[in-house]
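Asker: The structure follows.
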Amino acid sequence: MALPGRATMDFFESQASARRKTALLVVLFSLAVLLTIAGVYLAVVVACAAAGKVMQGWWHPWIFYNAVAWVAIVILGGTVYKIIDLWKGGSRVAELLGGVRVHPNTTDAGEQRLLNVVQEMAIASGVPVPAVYILPQEKGINAFAAGFTPQDAVVAVTRGCLQALSRDELQGVVAHEFSHILNGDMALNLRLMGVVNGLLVLALIGRTILDSKGRGRSRGRSKGAGAIFLFAFLLMVVGYIGVFFGNLIKSAVSRQREFLADAAAVQFTRNPGGIAGALRKIAGWTGGSLVANPRAEEASHLFFGDGMKDRFLAFFRSHPPLRERIRRIEMAYPEAAPGRSSAAGGGGDGNAVSEPLFADAGIQALAASVRLDPERFLASVGNTQAPHVAYAREMVTALPPAVVEAARDPLGAQSLVFCLLLCEKERTGEKTKDWEDRLDPAVGREIARLRPSAAGLGREHLLPLVDMAWPALRNLSKAQYGDFRVGLQRLIDADRKVDLFEFAVRSLLTNRLDAFFGLAKPRRIRYRVLDQVQVEVFELLSILARQGSRIERDAGDTFQKAMEALDAAKSHTILAREKCGLSLLDKTLARLAETSFDLRKRILNACLLCIVADRQVTIEEAELFRAVAENLDCPVPPVIPQTLPAAA
Amino acid sequence: MIGALVLLGLIVAVVWIGVSIYNTLVTCRNRYKNAYSQIDVQLKRRYDLIPNLVEAVKEYLKFERETLEAVVKARNQAVQASAKAAGNPGNAEAMKALTGAEAELSGVLGRFLAVVESYPDLKANKTMLQLMEELSSTENKIGFARQAYNDAVMEYNVAREKFPNVLIAGPFDFKEAALFEIEAAEEKKAVKVSFR
Chain Z
1 MALPGRATMD
11 FFESQASARR
21 KTALLVVLFS
31 LAVLLTIAGV
41 YLAVVVACAA
51 AGKVMQGWWH
61 PWIFYNAVAW
71 VAIVILGGTV
81 YKIIDLWKGG
91 SRVAELLGGV
101 RVHPNTTDAG
111 EQRLLNVVQE
121 MAIASGVPVP
131 AVYILPQEKG
141 INAFAAGFTP
151 QDAVVAVTRG
161 CLQALSRDEL
171 QGVVAHEFSH
181 ILNGDMALNL
191 RLMGVVNGLL
201 VLALIGRTIL
211 DSKGRGRSRG
221 RSKGAGAIFL
231 FAFLLMVVGY
241 IGVFFGNLIK
251 SAVSRQREFL
261 ADAAAVQFTR
271 NPGGIAGALR
281 KIAGWTGGSL
291 VANPRAEEAS
301 HLFFGDGMKD
311 RFLAFFRSHP
321 PLRERIRRIE
331 MAYPEAAPGR
341 SSAAGGGGDG
351 NAVSEPLFAD
361 AGIQALAASV
371 RLDPERFLAS
381 VGNTQAPHVA
391 YAREMVTALP
401 PAVVEAARDP
411 LGAQSLVFCL
421 LLCEKERTGE
431 KTKDWEDRLD
441 PAVGREIARL
451 RPSAAGLGRE
461 HLLPLVDMAW
471 PALRNLSKAQ
481 YGDFRVGLQR
491 LIDADRKVDL
501 FEFAVRSLLT
511 NRLDAFFGLA
521 KPRRIRYRVL
531 DQVQVEVFEL
541 LSILARQGSR
551 IERDAGDTFQ
561 KAMEALDAAK
571 SHTILAREKC
581 GLSLLDKTLA
591 RLAETSFDLR
601 KRILNACLLC
611 IVADRQVTIE
621 EAELFRAVAE
631 NLDCPVPPVI
641 PQTLPAAA
Chain D
649 MIGALVLLGL
659 IVAVVWIGVS
669 IYNTLVTCRN
679 RYKNAYSQID
689 VQLKRRYDLI
699 PNLVEAVKEY
709 LKFERETLEA
719 VVKARNQAVQ
729 ASAKAAGNPG
739 NAEAMKALTG
749 AEAELSGVLG
759 RFLAVVESYP
769 DLKANKTMLQ
779 LMEELSSTEN
789 KIGFARQAYN
799 DAVMEYNVAR
809 EKFPNVLIAG
819 PFDFKEAALF
829 EIEAAEEKKA
839 VKVSFR
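Those sequence lines, one after another, are chains Z and D.
Note that my numbering has the first sequence beginning at 1, numbered continuously upward.
Note that my numbering has the second sequence beginning at 649, numbered continuously upward.
Listed below in structure tokens is the structure:
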């Protein structure tokens with residue numbers, strides 16, 4: 001099996017495949033539970049026989065039923081408990097493993113570099129910038145991503161990773177982790193942790209009994225105590241059989257995903273030298289990729305490299321061998337071989353992207369009316385490519401430093417968001433009188449300070465800046481977030497009408513932050529068939545068709561085409577223009593967000609049809625699409641203003 | 649048999665609830681510690697700014713050596729106090745010391761600014777203006793981060809005093825956390841540096 005030259009990653013496809021893996025997980029888990037029950041049953045029978053009870057034959061229903069009940073309680077209890085515990089998301093896992101949160105406004109150069117790399121990757125792939133953790137005690141080179149959804153994802157790297165890797169290599173590692181985020185591996189991995197924990201509990205109980213018996217041994221031994229001792233020993237043995245299955249399941253589910261993530265890392269960065277260099281450094285590093293934290297065992301499948309000491313059988317590894325991973329990358333990309341790689345020597349922040357794709361873009365000069373290439377736009381959805389990463393990096397560097405710095409601090413970040421909205425309102429001549437009166441004076445001062453730097457920003461920078469502000473906004477306290485939310489809503493409503501940019505900002509921020517601060521319930525999938533959401537689809541496509549057509553009378557055609565593409569009932573005609581307000585969109589999207597991934601894919605495709613119908617994608621349309629996709633929890637890379645030679 | 653199962657169920661439930669409470673408390677504690685490190689970042693920034701400020705005005709304020717020395721001294725004391733607080737955020741003693749040192753520093757800075765007011769040359773100095781601007785923005789951020797910290801501490805303290813959480817908080821040593829308050833009413837209006 002060779003590494004595919006390019007890991008073609010359909011976001012929806014890989015989500016579906018992750019779900020299939022979950023089904024496999026359930027089967028293997030059930031099998032493990034059954035075998036463990038059999039094991040416990042045998043253990044009890046043997047222990048009873050040893051205690052001198054008269055046993056006839058091997059079949060004792062009473063013991064069997066007990067074994068079933070107890071094993072089921074213990075294993076399921078352990079599993080459910082762990083999953084509930086992990087339900088708090090990625091940050092919980094990071095804290096379990098001793099991670100320390102890196103604040104967006106850190107002054108440490110190495111940490112700042114890591115944050116920059118993560119931020120670029122997030123903007124490039126259209127997922128919310130994840131929280132970043134460092135494992136300060138770990139000297140090996142390793143990293144992991146965890147969380148249930150891209151919204152609560154965290155990325156954590158070891159201290160060794162920060163010290164040993166060059167920027168390119170770090171980028172490779174981070175890209176690998178982002179692939180796990182985009183592929184839906186994270187939720188799968190957390191469930192896996194729960195299952196393995198359940199299987200581990202038996203062994204722990206056995207060992208605890210054994211320990212306490214060992215200590216109390218001097219108080220004389222009866223035959224019963226000996227039997228309990230034997231039982232505990234057997235329980236431990238059976239428990240380790242459970243652990244054995246746990247590892248088997250882990251490796252069965254996770255090893256292939258690692259190859260996929262390696263391939264994706266190359267796709268994101270177009271720099272095979274980066275990830276290959278990181279893998280080679282692990283091979284040559286004294287600590288390798290070892291993770292010392294005792295809890296690392298249960299999370300070993302999350303890591304970038306194998307976190308555990310050598311396992312005696314390759315069968316149990318949660319990761320493919322390093323040499324094999326390096327070999328596959330080098331086979332697909334000969335330039336990644338040592339000596340030929342630009343990354344191998346390492347280097348600082350300066351030499352990041354090996355191909356300066358947008359060196360001459362003059363991004364700042366691009367006006368908001370830039371027309372975008374529909375074909376390229378269609379291809380970019382859910383499919384991060386190296387140019388997106390390069391573009392994100394280029395864009396962040398081009399931003400005024402005052403603005404970038406503000407985005408890293410909770411106070412600055414919220415002031416920045418207000419500022420962007422105010423500037424946009426100024427441009428369109430909307431009134432915001434009295435709005436500032438009810439603001440926290442600190443926020444008011446900060447807005448005044450930022451206003452001049454924010455005024456010159458191009459439209460294409462605005463949403464990425466909102467993305468950049470989001471990690472810092474998570475450091476608000478709940479009360480502060482409440483104030484921010486009220487302020488945001490008041491600003492948006494100042495003119496009693498929601499325009500496109502305002503809608504996009506609100507979608508990006510309140511959706512994510514409400515969930516983060518526990519103000520909104522996590523979404524569940526309720527609708528799997530188009531018929532259940534037909535009205536909503538009809539409304540959504542009407543709005544998009546109106547927005548996406550330059551000429552008024554084309555809108556009807558566009559709408560019909562999009563409905564046909566969905567196989568929706570043809571009886572509908574497009575909604576009247578005055579009804580196609582953005583306020584309707586909120587309600588519509590809230591319901592559509594509860595559709596299955598398969599359905600969402602079809603709906604988003606129909607939306608795209610609407611937007612590219614006139615063979616042009618404007619920044620406004622791209623923003624609208626981004627807002628829709630964000631509401632449906634689908635990551636969309638940023639729109640790259642067209643800098644390639646004009647299509648023939 | 650059934651009795652044993654019920655007993656087991658009860659034990660499991662109690663342990664489960666206990667562990668959940670413990671986890672909640674740990675989460676709350678992490679949250680306020682995190683919030684403190686937000687303050688710490690900004691405090692450090694301010695402590696770094698002050699020597700630069702003193703350096704920039706030295707030339708002009710030859711006859712105000714006392715004021716400058718007082719600023720430097722107060723700053724150094726605040727650095728020490730904040731280092732202690734960062735090592736153990738929420739500790740009542742450390743937070744009190746920090747509050748005191750910060751109040752002292754704010755007071756001295758206020759006097760220093762009053763002095764600056766009387767030197768027109770200095771008021772027009774570009775470096776000085778820039779540093780002042782940065783200082784005031786940092787003050788702003790400190791105030792904001794302190795509010796976030798106090799909110800988080802409040803949440804933690806409530807979580808730890810609630811029943812049945814208090815049964816877990818005691819034995820597992822979840823101590824009450826202290827707020828980061830501003831001492832006197834007059835210091836509450838941060839240092840006023842917007843002289844124009």
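Where is the CB? At the ideal position from N, CA and C, for every residue including glycine.
Determine the contact status of Z:A613 and Z:A545, defining contact as a CB-CB distance below 9 Å.
Answerer: A contact, by the Cβ cut-off of 9 Å.
Asker: How would you label Z:F625, buried or exposed, when you count the other beta carbons within 10 angstroms and need 16 or more for buried?
Answerer: When all chains shown are included, Z:F625 counts as buried.
Asker: Are the C-beta atoms of D:S730 and some chain Z residue less than 9 Å apart?
Answerer: For D:S730, no Cβ of chain Z is located within less than 9 Å of the residue's own Cβ.
Asker: Going by alpha carbons, who is nearest to Z:L35 out of Z:A562, Z:G239, Z:A292, Z:C48?
Answerer: Z:G239
Asker: Would you mind reading off the limits of the alpha helix (DSSP H) that contains Z:F625?
Answerer: 619-631
Asker: Identify the contact partners of Z:R546 in chain D, using a Cβ-Cβ distance below 7 Å as the criterion.
Answerer: In chain order: nothing, as chain D lies at least about 41 Å away.
Asker: Compare the C-beta of D:Y797 with all C-beta atoms of chain Z and state if any pair is closer than 9 Å.
Answerer: Among the residues facing chain Z, D:Y797 is included, as its CB has a counterpart in that chain under 9 Å away.
Asker: In the DSSP assignment, what residue or residues form a beta bridge with Z:I134?
Answerer: Z:V100, Z:V157
Asker: Can at least three beta-carbon pairs, one atom from the region 128-146 of chain Z and one from the region 285-300 of chain Z, be found at a separation below 8 Å?
Answerer: yes
Asker: Among the residues of its own chain, which have a CB less than 6 Å from the CB of Z:P653, if the five just before and after it don't count?
Answerer: Past the edges of chain Z, shown from 1 to 648, lies residue 653 of chain Z, and the structure says nothing about it.
Asker: Do Z:F244 and Z:L28 come within 9 Å of each other at the CB atom, strictly closer than that value?
Answerer: no
Asker: When the cut-off is 9 Å and only beta carbons count, does D:E781 lie next to chain Z?
Answerer: yes
Asker: If you draw a straight line from the C-alpha of Z:P638 to the C-alpha of Z:F559, how long is it?
Answerer: 25 Å
Asker: Exposed or buried, what is D:T775 when buried is set at 16 or more other beta-carbons lying within 10 Å of its beta-carbon?
Answerer: Within 10 angstroms of the beta-carbon of D:T775 lie fewer than 16 other beta-carbons, which makes it exposed.
Asker: If you follow the beta strand (DSSP E) that Z:F597 is part of, which residue opens it and which one closes it?
Answerer: It is not in any beta strand (DSSP E) - Z:F597 instead sits in the alpha helix (DSSP H) that spans 597-612.
Asker: Under 7 Å Cβ-Cβ, which residues of chain D neighbour Z:Q119?
Answerer: Chain D residues near Z:Q119: none, gap ~18 Å exceeds 7 Å.
Asker: Nearest CA to the CA of Z:M193: which residue from Z:F148, Z:L162, Z:Q171, Z:F233?
Answerer: Z:F148
Asker: Looking at the secondary structure, which residues open and close the alpha helix (DSSP H) in which Z:A146 lies?
Answerer: Note, Z:A146: premise wrong, no alpha helix (DSSP H); beta strand (DSSP E) at 143-146.
Asker: Are there 16 or more other CB atoms within 10 angstroms of the CB of Z:F358, so buried, or fewer, so exposed?
Answerer: Its pLDDT being 33, under 50, Z:F358 is placed unreliably in this model, and the value from its coordinates should be taken loosely. So Z:F358 counts as buried.
Asker: Apart from the five residues on each side of it in sequence, which residues of its chain come closer than 8 Å, Cβ to Cβ, to D:W664?
Answerer: none
Asker: Between which two residues does the alpha helix (DSSP H) holding Z:P401 run?
Answerer: 401-406
Asker: Let's test the definition: count the other Cβ atoms within 10 Å of the Cβ of D:V662 and tell me whether it reaches 16, buried, or not, exposed.
Answerer: exposed
Asker: Comparing C-alpha positions only, which one of Z:Q414, Z:R485, Z:L86, Z:E460 sits nearest to Z:N652?
Answerer: One cannot answer for residue 652 of chain Z here, as it falls past the ends of chain Z, which runs 1 to 648.
Asker: Which residues of the region 102-116 of chain Z have a Cβ closer than 9 Å to any Cβ of chain D? Give them in chain order.
Answerer: H103, N105, T106, T107
Asker: Assuming D:S730 and D:L746 form a contact by the criterion Cβ under 8 Å, report the distance between their Cβ atoms to the nearest whole angstrom.
Answerer: 6 Å
Asker: Given that Z:K82 touches chain D, what residues does it touch there, using C-beta distances under 9 Å?
Answerer: Going along chain D, no residue has its Cβ under 9 Å from Z:K82, so there is no contact; the nearest lies around 11 Å.
Asker: Taking Z:C423 as part of the alpha helix (DSSP H), name the residues at either end of that continuous run.
Answerer: 410-428
Asker: DSSP beta-bridge partners for Z:Y527?
Answerer: Note: Z:Y527 sits in a beta bridge opposite Z:T595.
Asker: Short of 8 Å Cβ to Cβ, which residues in the region 446-480 of chain Z face chain D?
Answerer: E446, R449, N475, L476, S477, K478, A479, Q480
Asker: When the Cα atoms are used, what is the spatial distance from Z:V33 to Z:M331?
Answerer: The straight-line gap from Cα to Cα measures roughly 41 Å.
Asker: Per DSSP, which one or two residues make a beta bridge with D:F711?
Answerer: D:F711 is not bridged to any residue.
Asker: Would you please verify whether the beta carbon of Z:I326 is less than 9 Å from any beta carbon of chain D?
Answerer: no
Asker: Give the residues from the region 410-422 of chain Z that approach chain D closer than 8 Å (Cβ to any Cβ), ordered along the chain.
Answerer: P410, L411, G412
Asker: For Z:L519, count neighbouring Cβ atoms within 10 angstroms of its own Cβ and tell me buried if that reaches 16, exposed if not.
Answerer: exposed
Asker: Leaving aside the five residues before and after Z:V353 along the sequence, list all residues of the same chain whose C-beta is less than 7 Å from its C-beta, in chain order.
Answerer: Because Z:V353 sits at a pLDDT of 34, beneath the cut-off of 50, its placement in the model cannot be relied upon, and the following sentence gives the value as read from the coordinates. Closer than 7 Å at the Cβ level, and outside the excluded window around Z:V353, lie A390, R393.
Asker: Report the three-state DSSP secondary structure of Z:F303 (helix, strand or coil).
Answerer: strand
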